[in-house]
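Here is the structure we will look at.
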Amino acid sequence: MQAHLNWHIDLDIERTETESEATASLRLPDSTLLTTRGHARRNPDDPEQARVGEELATARALNDLARRLLRKAANEIEETTHSPAHPHL
Numbered sequence: 001m002q003a004h005l006n007w008h009i010d011l012d013i014e015r016t017e018t019e020s021e022a023t024a025s026l027r028l029p030d031s032t033l034l035t036t037r038g039h040a041r042r043n044p045d046d047p048e049q050a051r052v053g054e055e056l057a058t059a060r061a062l063n064d065l066a067r068r069l070l071r072k073a074a075n076e077i078e079e080t081t082h083s084p085a086h087p088h089l
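For the record, in the sequence shown the residue sitting at position 60 is 60 according to full-length UniProt numbering, with numbers rising by one throughout.
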């Protein structure tokens, strides 16, 4: 059986001159909503490059989202197999 699925991650980024915060949200087919946040703060000695802060905050939010999704999958494996599951990235 072959299936084609589309999952969409919504990313919202807010920033000031010194900080960026990204929020990543993923609605799963079972209606679970996973929402994570990533934060970046510019060192006052660094030049202002808003894009870098946005990228760092987004990477951190997506990393947390990946870990939460992995944890959810591990829990589902354990519920089915009744054995500890230790999947990793």
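We treat Cβ as the ideally placed atom computed from N, Cα and C, and that holds for glycine.
Remember, predicted model here, so these are calculated numbers, not experimental data.
*asked:* Cutting at 6 Å between CB atoms, please list the residues of its own chain near Asp12, excluding the five before and the five after it.
replied: Residues Thr23 of the same chain have their beta carbon placed closer than 6 Å to that of Asp12, with the five preceding and five following residues left out of the count.
*Three or more C-beta pairs below 8 Å linking the segment 37-48 and the segment 67-76*: No contact exists between the segment 37-48 and the segment 67-76.
*With DSSP collapsed to three states, give me the class of Leu28.*
Assigned with DSSP and collapsed to three states, Leu28 falls in coil, not helix or strand.
_With 16 other Cβ atoms within 10 Å as the buried cut-off, status of Ser20_ = Classification of Ser20: buried, given that the 10 Å Cβ count is 16 or more.
*Delimiting residues of the beta strand (DSSP E) encompassing Leu34*: Per DSSP, Leu34 is one residue of the beta strand (DSSP E) stretching across 33-41.
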